[in-house]
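To start, the structure under review is shown below, and the notes come after it.
There are 2 protein chains.
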Amino acid sequence: MGSCLDKRDKIVLSNPSLDEAYIAIKSGISKRLNLVIIGKCVVDYEGRASSKLEAGERIVLLKSDGSIQIHRPKESMPVNWQPPGALFKTKLEKDRLHIRAYRKTKREVLEVEFIYILVVILIDLTDDAEFNLYASEEDMKRAILYEPSLLEEGFKPLTSEKKVKSGFIDIVGFDKNNVLTVAEIKKDMVNRDAILQLKRYIDSFNLAEKGKIRGILIAPRLGKDSQRLLSTLGFEFKRLSPQICAEILKKKRRKLMTEFLI
Amino acid sequence: MGSCLDKRDKIVLSNPSLDEAYIAIKSGISKRLNLVIIGKCVVDYEGRASSKLEAGERIVLLKSDGSIQIHRPKESMPVNWQPPGALFKTKLEKDRLHIRAYRKTKREVLEVEFIYILVVILIDLTDDAEFNLYASEEDMKRAILYEPSLLEEGFKPLTSEKKVKSGFIDIVGFDKNNVLTVAEIKKDMVNRDAILQLKRYIDSFNLAEKGKIRGILIAPRLGKDSQRLLSTLGFEFKRLSPQICAEILKKKRRKLMTEFLI
DNA sequence: TAATAAATGTCGTTT
DNA sequence: AAACGACGTTTATTA
Numbered sequence: 008m009g010s011c012l013d014k015r016d017k018i019v020l021s022n023p024s025l026d027e028a029y030i031a032i033k034s035g036i037s038k039r040l041n042l043v044i045i046g047k048c049v050v051d052y053e054g055r056a057s058s059k060l061e062a063g064e065r066i067v068l069l070k071s072d073g074s075i076q077i078h079r080p081k082e083s084m085p086v087n088w089q090p091p092g093a094l095f096k097t098k099l100e101k102d103r104l105h106i107r108a109y110r111k112t113k114r115e116v117l118e119v120e121f122i123y124i125l126v127v128i129l130i131d132l133t134d135d136a137e138f139n140l141y142a143s144e145e146d147m148k149r150a151i152l153y154e155p156s157l158l159e160e161g162f163k164p165l166t167s168e169k170k171v172k173s174g175f176i177d178i179v180g181f182d183k184n185n186v187l188t189v190a191e192i193k194k195d196m197v198n199r200d201a202i203l204q205l206k207r208y209i210d211s212f213n214l215a216e217k218g219k220i221r222g223i224l225i226a227p228r229l230g231k232d233s234q235r236l237l238s239t240l241g242f243e244f245k246r247l248s249p250q251i252c253a254e255i256l257k258k259k260r261r262k263l264m265t266e267f268l269i
Numbered sequence: 008m009g010s011c012l013d014k015r016d017k018i019v020l021s022n023p024s025l026d027e028a029y030i031a032i033k034s035g036i037s038k039r040l041n042l043v044i045i046g047k048c049v050v051d052y053e054g055r056a057s058s059k060l061e062a063g064e065r066i067v068l069l070k071s072d073g074s075i076q077i078h079r080p081k082e083s084m085p086v087n088w089q090p091p092g093a094l095f096k097t098k099l100e101k102d103r104l105h106i107r108a109y110r111k112t113k114r115e116v117l118e119v120e121f122i123y124i125l126v127v128i129l130i131d132l133t134d135d136a137e138f139n140l141y142a143s144e145e146d147m148k149r150a151i152l153y154e155p156s157l158l159e160e161g162f163k164p165l166t167s168e169k170k171v172k173s174g175f176i177d178i179v180g181f182d183k184n185n186v187l188t189v190a191e192i193k194k195d196m197v198n199r200d201a202i203l204q205l206k207r208y209i210d211s212f213n214l215a216e217k218g219k220i221r222g223i224l225i226a227p228r229l230g231k232d233s234q235r236l237l238s239t240l241g242f243e244f245k246r247l248s249p250q251i252c253a254e255i256l257k258k259k260r261r262k263l264m265t266e267f268l269i
């Protein structure tokens with residue numbers, strides 16, 4: 008019935024016939040778009056367990072990575088789903104629109120059988136943003152500059168960012184024995200790349216200094232395989248979780264607020 | 008821009024202005040409808056943890072029970088969410104449409120800040136259907152270990168899992184005549200593969216024992232073609248439905264709870 | 001590929 | 001509201 012087609016790869020159908028919906032959904036799946044389908048359906052699942060959901064009106068999400076979720080009007084979790092990597096097939100049969108999601112690896116099948124459809128949306132979404140739980144690397148750096156003992160007792164940071172040939176160094180300062188110390192922060196596990204990056208930074212200091220430089224990798228975890236490379240290069244690892252940094256920053260904000268009020 | 012209003016309590020807006028979207032969303036929240044909002048947004052969460060998601064295009068689901076989920080175009084789990092019982096508030100400010108979901112009990116706040124909106128759907132969905140989940144093979148095994156008579160009167164199971172060369176045996180024990188008994192569970196029909204798997208398990212016992220071993224296949228059904236192979240190998244079939252196991256386990260949970268209280 | 005541990009787990013049940 | 005267990009848990013990491 009209602010249909011809107013824009014410059015963007017987007018189609019919105021309101022109260023489509025099953026035929027119209029079928030054509031749209033089939034094309035959406037083949038184009039790997041994201042689909043939202045709202046309608047009355049029956050859902051069957053067969054795999055690790057089996058389930059049967061009788062007819063009712065639901066919101067179905069098909070994502071471009073091959074994941075599917077069936078949402079009832081209540082409850083935060085989908086009543087049925089299939090993780091990424093499922094293969095979608097759709098067909099029109101006996102006045103029902105079927106969507107199947109297979110997962111070969113686990114031998115799981117999810118089938119949604121639509122009796123009528125209220126809305127169909129096909130849309131191409133762009134989302135490359137970073138998701139930071141607790142604190143970003145930037146936040147971790149801020150926390151260390153505010154509370155240098157997070158890195159080590161007696162650590163004295165220099166300017167927050169020092170440019171060297173190969174990029175920007177996260178943290179530069181002097182330890183309690185006044186030894187030049189360079190640190191690289193990672194919000195996830197330290198891997199080979201992070202260690203080599205720190206090496207490039209340290210190599211870019213001039214030769215005279217190089218012997219006296221401490222290299223430290225700061226991260227919540229050290230990859231098992233990275234331990235050896237770390238030792239080889241003579242670097243150190245300091246465990247620091249984004250959670251703790253987030254709390255330090257929260258405390259800092261509170262402190263600033265209090266001081267302001269005095 | 009595009010808008011469709013039908014007899015049913017349903018509104019679909021395609022490419023609305025933030026003002027149009029705001030009016031619709033506000034009314035949808037107050038009427039406790041289900042909302043689907045697609046658009047570019049920034050998401051902040053502060054509560055048990057904290058998180059920040061930079062701008063990107065996402066699908067946001069607001070349900071009538073006060074739950075909210077933000078879905079990125081990939082990944083089956085929402086990147087941010089709030090369980091049922093949250094309080095939704097929306098406001099228009101500085102060319103941004105804000106939606107906040109508070110959970111007083113856990114002191115959690117989720118904020119979605121829309122930069123532009125591609126689609127808004129308000130819809131009243133009806134879904135009173137029953138959802139039935141039937142047991143998995145693992146559940147069937149648990150049920151038999153809890154209530155061995157499901158397999159046979161007088162059956163005494165041994166350890167829950169016995170490792171043999173070819174894998175793990177589902178059930179091992181002694182029958183009422185103290186004959187060693189090995190059972191393979193299938194939640195569907197018994198087929199050729201299941202029977203041969205049981206054979207491999209039994210073959211992996213040492214020769215001296217082998218003569219005295221009973222082999223039993225436990226499943227809701229026995230495949231027509233499998234009867235002959237079963238007889239040839241001297242195995243038996245015990246009908247057991249996942250539904251019954253599911254009920255036994257439910258009873259067990261209740262009983263454990265009661266015993267705990269004594 | 002399988003085993004193990006953590007999760008803003010969620011969900012139901014009972015205290 | 002808090003505690004405990006189960007889940008088609010999911011997700012990530014390690015062997």
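Chains as they are written, first to last, in this note's numbering: chain A, 8 to 269; chain B, 8 to 269.
Note that the Cβ used here is the ideal one computed from N, Cα and C, for glycine as well.
The model shown is predicted, which means the values in this text are computed figures rather than measured ones.
Residues that DSSP places opposite residue i in a beta bridge
{"i": "Gln89(A)", "result": "Ile75(A)"}
{"i": "Glu115(A)", "result": "Arg110(A)"}
{"i": "Glu191(A)", "result": "Leu224(A)"}
{"i": "Arg246(B)", "result": "Ala226(B)"}
{"i": "Val127(A)", "result": "Leu20(A), Ile44(A)"}
{"i": "Glu120(B)", "result": "Val49(B), His105(B)"}
{"i": "Val67(B)", "result": "Ile44(B), Ile77(B)"}
{"i": "Ser57(A)", "result": "Glu53(A), Tyr141(B)"}
{"i": "Ala262(A)", "result": "The displayed chain sequence assigns Lys, not Ala, to residue 262(A). Its beta-bridge partners do not exist; DSSP assigns none."}
{"i": "Met84(A)", "result": "Answer by DSSP bridge pairing: none, since Met84(A) is not bridged."}
{"i": "Lys163(A)", "result": "Phe181(A)"}
The beta strand (DSSP E) enclosing residue i, as first and last residue numbers
{"i": "Leu25(A)", "result": "Unbroken run through Leu25(A) is the alpha helix (DSSP H), 25–37; no beta strand (DSSP E)."}
{"i": "Ile220(A)", "result": "Ile220(A) -> no beta strand (DSSP E), and no H or E assigned at all."}
{"i": "Lys47(B)", "result": "41–53"}
{"i": "Glu100(B)", "result": "94–100"}
{"i": "Tyr141(B)", "result": "138–141"}
{"i": "Val3(B)", "result": "The structure shown does not extend to residue 3(B), since chain B is modelled only from 8 through 269, so no value can be given for it."}
Residue nearest to residue i in terms of C-alpha spacing, selected from the options
{"i": "Leu129(A)", "options": "Asp131(B), Leu125(B), Leu132(B)", "result": "Leu125(B)"}
{"i": "Gly54(B)", "options": "Lys257(A), Thr265(A), Leu263(A), Glu266(A)", "result": "Lys257(A)"}
{"i": "Glu160(A)", "options": "Lys59(A), Gly180(A), Phe138(A)", "result": "Gly180(A)"}
{"i": "Leu157(A)", "options": "Lys38(A), Leu40(A), Ser57(A), Leu224(A)", "result": "Leu224(A)"}
{"i": "Ser34(B)", "options": "Pro155(B), Thr97(B), Glu82(B), Lys14(B)", "result": "Thr97(B)"}
{"i": "Ser58(B)", "options": "Arg39(B), Gly73(B), Val119(B)", "result": "Val119(B)"}
{"i": "Gly222(A)", "options": "Met147(A), Leu236(A), Arg149(A)", "result": "Leu236(A)"}
{"i": "Phe121(A)", "options": "Lys101(A), Ala226(A), Met147(A)", "result": "Lys101(A)"}
{"i": "Arg246(B)", "options": "Arg114(B), Pro227(B), Met147(B), Lys231(B)", "result": "Pro227(B)"}
{"i": "Lys194(A)", "options": "Lys219(A), Ser211(A), Gln234(A), Arg149(A)", "result": "Arg149(A)"}
{"i": "Ile106(A)", "options": "Pro155(A), Met84(A), Gln204(A), Gly73(A)", "result": "Gly73(A)"}
{"i": "Met84(B)", "options": "Val67(B), Lys183(B), Lys111(B), Ile178(B)", "result": "Val67(B)"}
{"i": "Arg110(B)", "options": "Asp26(B), Leu99(B), Leu104(B), Leu94(B)", "result": "Leu94(B)"}
{"i": "Asn198(B)", "options": "Leu187(B), Gly230(B), Ala253(B)", "result": "Gly230(B)"}
{"i": "Leu99(A)", "options": "Glu243(A), Tyr29(A), Lys259(A)", "result": "Tyr29(A)"}
{"i": "Ile151(B)", "options": "Tyr141(B), Lys163(B), Leu132(B)", "result": "Lys163(B)"}
{"i": "Ser233(B)", "options": "Leu104(B), Ala201(B), Leu20(B), Leu117(B)", "result": "Ala201(B)"}
{"i": "Glu82(B)", "options": "Lys70(A), Val86(A), Glu82(A)", "result": "Lys70(A)"}
{"i": "Val40(A)", "options": "Lys14(A), Lys47(A), Ala31(A)", "result": "For clarity, residue 40(A) is Leu in the given sequence; the question names Val instead. Residue Ala31(A) is the option with its Cα nearest to Leu40(A)."}
{"i": "Ser21(B)", "options": "Met196(B), Gly46(B), Arg15(B)", "result": "Gly46(B)"}
Buried/exposed call for residue i, threshold 16 Cβ in 10 Å
{"i": "Thr239(A)", "result": "exposed"}
{"i": "Asp134(B)", "result": "buried"}
{"i": "Asn185(B)", "result": "exposed"}
{"i": "Glu137(A)", "result": "exposed"}
{"i": "Gly241(B)", "result": "exposed"}
{"i": "Glu191(B)", "result": "buried"}
{"i": "Asp271(B)", "result": "The displayed coordinates of chain B run from 8 to 269. Any statement about residue 271(B) would go beyond what the structure contains."}
{"i": "Leu17(A)", "result": "Contrary to the premise, residue 17(A) reads as Lys rather than Leu in this sequence. Buried."}
Unbroken alpha helix (DSSP H) run spanning residue i, endpoints
{"i": "Thr239(A)", "result": "233–240"}
{"i": "Leu20(A)", "result": "Per DSSP, Leu20(A) belongs to no alpha helix (DSSP H); it is in the beta strand (DSSP E), 17–21."}
{"i": "Lys148(B)", "result": "144–153"}
{"i": "Tyr203(B)", "result": "Residue 203(B) is actually Leu in this sequence, not Tyr. Its alpha helix (DSSP H) spans residues 199–210."}
Residue i: CB within 8 Å of a non-hydrogen atom of the ligand PLP
{"i": "Glu254(A)", "result": "Looking for the ligand PLP in the displayed structure turns up nothing, as the structure carries no ligands at all."}
- prompt: Taking any Cβ of chain B, which residues in the region 227–239 of chain A have a Cβ under 8 Å from it, in chain order?
  reply: Residues: none.
field: Residues from the region 123–137 of chain B in contact with chain A, defined by Cβ distance under 7 Å
entry: Leu125, Val126, Ile128, Ile130, Leu132, Thr133, Asp134, Asp135, Ala136, Glu137
Residues, ordered as in the chain, of the region 56–76 of chain B that lie near chain A by beta-carbon distance below 7 Å: Ala56, Ser57, Ser58, Lys59, Leu60, Glu61, Ala62, Gly63, Glu64, Arg65, Ile66, Leu68, Lys70, Ser71, Asp72, Ser74, Gln76
- prompt: Taking a cut of 8 Å between CB atoms, which residues from the region 23–45 of chain B lie near chain A?
  reply: Asn41, Val43, Ile45
task: Scan the region 180–204 of chain B for residues whose Cβ lies nearer than 9 Å to a Cβ of chain A and list them as they occur along the chain.
output: Lys194, Asp195
field: Selection of the region 76–89 of chain B by Cβ proximity to chain A, strictly under 8 Å
entry: Gln76, His78, Arg79, Pro80, Lys81, Glu82, Ser83, Val86, Trp88, Gln89
task: Check each residue of the region 247–258 of chain A: if its Cβ is closer than 7 Å to any Cβ of chain B, include it; give the result in chain order.
output: Ala253
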